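Numbering (numbering that gives the first Met the number 0), first residue to last: 0 to 663.
Below: the structure, in structure tokens.
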Amino acid sequence: MERVMERVAFGSVLLVCLVSGASALLHTANPHAVCKSCDPQPAICKSYQCIANCSFPKVCPNPDDVCAAVWWREDGVVMVETMCHDPMQPLYGVKLDNFSSSDCVLTIRFVKGRILRLCACTGHECNEHMLLNKPDNDYDLVLLRTSETKVFRLPQLCKFCDVESTACNATGVCESSCNITSICENPDEVCVSAWRRSEGNAIIETVCHNPALPFYGQYLTDYNNTVCQMKQVEDMKEEFYICSCNEEECNDRLFFTDVSSPPGTESPLSKRSLRSVLLVSLFPVLIAVVVLLSAFYCFHMFHQHNLKAPKTKGIDSETCAIIVSDDDRSDSSSANSLNHNTELLPIQLDAIVGKGRFAEVYRAKLKQGAKDESFQKVAVKIFPYEEYASWKTEWEIFSDTELRHENVLQFLTAEDRKAEQCYWLITAYHERGNLQEFLTQHVIGWDELCRMGGSLARGVAHLHADRTLCGRSKAPIAHRDLKSANVLVKADLSCCLCDFGLSLRLDNSMSPEELANSGQVGTARYMAPEVLESRMDLENIESFKQADVYSMALVLWEITSRCSAIGDVREYKPPFGKLKDHLCVESMKDDVIRDELRPEIPASWTNHTGVQLLCSSIEECWDHDPEARLTAQCIVERFSEISSTMISVSSDDKSAQDSGNYEK
Ligand code: ADE
């Protein structure tokens, strides 16, 4: 017992010595924080974060100091001052909180009429990176490096949570409750909020949006406001309000009341709008005149705008900016709307260019102005009144602005042409027509095969994805009728998907019954074995994507079959036989299921390394087992791998491989 007591006493003494020794050591080593410490200078910002770009770390003089940063905008450029700071003392009159966090998360403050953002943190030079929001697993923080980015004028900062449910009942003043502040991608964008009731639930959507483009079919007129004054939108299926404004995070507070009396508006911004509302009430006659003049002006601009909307070519995956292009005129305005305007677009139909199951497609001229002779070529898909359901499906698919992609047909607007008893979908027009027609008339080279196949895969991958290239959430969509006739060839020979009349949003909008009834659709020739057999797992959204991948593989095979890299190129034939043959489900079942037939890949094709690699991927996509198939995204990656392999092959053996010219 004595021995035990002795050991315990010795142990305790040792422990005390160790602890005090260690703390003494730590204390003498360096108890002071090391923080970035620079006078105000421009910062580098992207997405949800900024870096101070300060090369002066400083050992803080006070052992209680933490690292801090102050952030503000001057003429659109973000300025940042970094420093050591005692968190018990106010900084610019603001008490810092959350200073023990290892991340410097900026909080917005109004200081003497200025908007400042401040943050504090604990950790070695932790004020180098400043975050606009608390880090969250929902989005990836890209670590910015100074060498990668440039100082730039910072576009607007808006609340950006996309869609969230809310307790706000569209009265008084509501907070968006969105805790994500985003740097808008494009300097033209303003802050927008929408409130709607969907299936009984109130929903608030907060986004950045370019007012040159319609938002839910509406052109925003209030985007220069400093506060977000909600206005009810008529003609919507549900109760729907929209507001826009152009001040930092102004789409956070939503005024359903008149802003002349918003409760609790102490900020200078609100005072400004208060003044303007006062003016309005003092000069009703003046306003009436202004309204009349604006109505006249809007009517005129509506025509102009539809004709001159920005020409977009796609989305830059780096900056997520929409790339504006003038040369690709047909791939133009990105309006996703129903033209509610009683005034229909001034369109003159020229010639029929396609005939589908439910509709006919015309090449048409969209006139630029009343006096102006100039026009833009567009495609008009005309549905008879009986095909309302197909028109609606396709219009609803196109109405999702997140569907916009350079490899998805660009949608302009939809119209209910009551007088002619038909519905219209107006889209970009592509002179080269559909892929089947193109392949019938052209032999392509290896480079064109990669361009066409790669862009097709990117289009399908985007359709299937639940995020856009910019990381915004989007509904995954199954096309369900992929075939070469539903792919258009653009001027640069890249492809885009069209005809979404059978498409399905793979989100929760479908009831189990609707899902169960959505079995066998599409074109028999391109149907996956499980679709032919009606054995798809309808409860698993992946099954719809797997069936699309099978059809895409057949289209990739068609493109390959017309590429000079395979050697002897024969006349165009669709998969499984002659063009004119009408293949029914039963005959396809015999070929595809009983005999497990697939389009032929002759041994001679594989003399070309690239074609060989591509054909193995195609085979993996038309596997009988849907689960074993590659995803469209995987095919996108395979195309880049194959292209890089071919670059090294061609530098070794340039002449042995294909030249890449395409001929008529
Ligand atoms: N055929 C079907 N849609 C088309 C379009 N948008 N452009 C050209 N041809 C088409």
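Even glycine gets a Cβ: it sits at the ideal position worked out from N, Cα and C.
For clarity, every value in this text was computed on a predicted model and none was experimentally measured.
Set against 7 Å, the gap from the CB of Gly609 to the closest heavy atom of the ligand ADE is not smaller. Under the three-pair Cβ rule at 8 Å, the segment 491-504 does not count as touching the segment 564-572. Within 7 Å of the C-beta of Thr412 there is not a single heavy atom belonging to the ligand ADE. Bounds of any alpha helix (DSSP H) do not take in Ala193; it lies within the beta strand (DSSP E) bounded by 189-197. In the three-state reduction of the DSSP assignment, Ser181 falls in the strand class, which pools E and B.
Annotation note: the segment 412-498 contains the following uninterrupted alpha helix (DSSP H) runs of length 4 or greater, listed N- to C-terminal: 434-440, 445-463. The C-alpha of Val379 lies about 12 Å from the C-alpha of Arg416. Residues Leu629, Ile634, Arg637 of the same chain have their beta carbon placed closer than 7 Å to that of Ser616, with the five preceding and five following residues left out of the count. The beta carbons of Val172 and Ser243 sit about 17 Å from each other, so the pair does not count as a contact at 8 Å. Burial state of Gly75 is exposed, judged by a 10 Å Cβ sphere holding fewer than 16 other Cβ atoms. About 18 Å separates the beta carbons of Pro598 and Pro625, which is beyond the 8 Å limit, so they are not a contact pair.
For the pair Trp70 and Cys49, the CB atoms are nearer than the 8 Å cut-off. Annotation for Ala378 indicates a beta carbon within 7 Å of some heavy atom of the ligand ADE. Going by C-alpha positions, Leu365 is about 14 Å away from His429. Exposure of Gln88 is indicated by the presence of fewer than 16 other C-beta atoms within 10 angstroms of its C-beta.
Taking the Cα positions, Glu127 is about 8 Å away from Ala68. Not one heavy atom of the ligand ADE falls within 7 Å of the beta-carbon of Thr522.
Excluding its 5 nearest sequence neighbours in each direction, Ser454 has C-beta neighbours in its own chain below 7 Å: Asn406, Ser493, Cys494, listed in chain order. For Asn200, the beta-bridge partners assigned by DSSP are Ser197.
For Ser164, the pairing in a beta bridge is given by DSSP as Ile202. The criterion of a C-beta distance shorter than 8 Å is satisfied by Cys562 and Trp445.
Residue environment for Cys583: exposed (fewer than 16 other C-beta atoms within 10 angstroms of its C-beta). In the three-state reduction of the DSSP assignment, Glu359 falls in the strand class. By the neighbour-count criterion, in which 16 or more other beta carbons inside 10 Å mark a residue as buried, Ile351 falls on the exposed side. With 16 or more other Cβ atoms inside 10 Å of its own Cβ, Ser560 counts as buried. Taking 8 Å as the cut-off, the beta carbon of Leu131 is found closer than this to the beta carbon of Thr180. Burial state of Phe109 is exposed, judged by a 10 Å Cβ sphere holding fewer than 16 other Cβ atoms.
In terms of side-chain proximity, the C-beta atom of Gly432 is found nearer than 7 Å to a non-hydrogen atom of the ligand ADE. Relative to the ligand ADE, the beta carbon of Gly458 is positioned no closer than 7 Å to any heavy atom. Checking the 7 Å criterion, the Cβ of Cys494 is out of range of every heavy atom belonging to the ligand ADE. Residue environment: Tyr384 is assigned as exposed (fewer than 16 neighbouring CB atoms within 10 Å of its CB, all protein chains considered).
Of the other Cβ atoms in all chains shown, fewer than 16 fall within 10 Å of the Cβ of Leu348; this residue is therefore exposed.
Rounded to the nearest whole angstrom, the C-alpha separation of Thr106 and Lys236 is 38 Å. The closest heavy atom of the ligand ADE lies less than 7 Å from the beta carbon of Val360.
For Arg403, the closest alpha carbon among the candidates Asp491, Thr220, Cys497, Tyr422 is that of Cys497. Around the beta carbon of Val58, fewer than 16 other beta carbons lie within 10 angstroms, which makes this residue exposed.
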